[in-house]
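Down below is the structure, laid out as structure tokens.
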Amino acid sequence: MGIFELLILLIVAAICGGIGQSLAGYSRGGCLTSIALGFIGALLGSWMSRGLGLPELLTVQFGDQPFPILWSIIGASLFVAVLSLISFRGK
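Per UniProt numbering, the very first residue in the sequence shown carries number 1; after that it's consecutive.
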């Protein structure tokens, strides 16, 4: 994987993480947080899809690495929802 493919992968992960944050309704952090959420969502979503026997939908190939767009968004939104439930919001 070259540098250009890595940059595109980071942009796609940031978009997926941002969509996951907006679906969950809880937004903390910036672009780096969205990138991290995109990757965590991809891991969590792929793990859930394999466990439930669901197909990989909307997968994009970056070099030789596949990135599951739909499962990344679903995993990121679930992860953000759990984080928002366990985080303390003091006023």
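Built from N, CA and C at the ideal position, the CB exists for glycine as well.
*When we look at the beta-carbon of Q21 and count the other beta-carbons within 10 Å, is it buried (16 or more) or exposed?*
For the purposes of this step, residue 21 is identified with residue 21 of the sequence shown, where counting begins at 1. Buried, by the Cβ-count rule.
_Could you compute how far the alpha carbon of S34 sits from the alpha carbon of D64?_
Counting from one through the sequence shown, the residue named residue 34 turns up at place 34. Counting from one through the sequence shown, the residue named residue 64 turns up at place 64. Rounded to the nearest angstrom, the two C-alpha atoms are 23 Å apart.
*Nearest to A42 by CA position, among C31, L70, V80, is which residue?*
Here residue 42 refers to the residue found at position 42 when the sequence shown is read from its first residue. Cα-wise, what sits closest to A42 is L70.
*asked:* By the DSSP assignment, the beta strand (DSSP E) with P66 in it spans what residues?
replied: Translated into the one-based positions of the sequence shown, residue 66 becomes position 66. Unbroken beta strand (DSSP E) run through P66: 65 to 68.
*Between the C-alpha atoms of C31 and I11, what's the straight-line distance to the nearest angstrom?*
Position 31 of the sequence shown, counted from the start, is the residue given in the question as residue 31. Position 11 of the sequence shown, counted from the start, is the residue given in the question as residue 11. Going by the C-alpha atoms only, they are around 9 Å apart.
*From what residue to what residue does the alpha helix (DSSP H) around L10 run?*
Reading the sequence shown from its first residue, position 10 is the one you call residue 10. Segment 3 to 24, the alpha helix (DSSP H) holding L10.
_Rounding to the nearest angstrom, what Cα-Cα distance links S27 and S77 in this structure?_
If you number the sequence shown from 1, residue 27 lands on position 27. If you number the sequence shown from 1, residue 77 lands on position 77. Cα-Cα distance, rounded: 11 Å.
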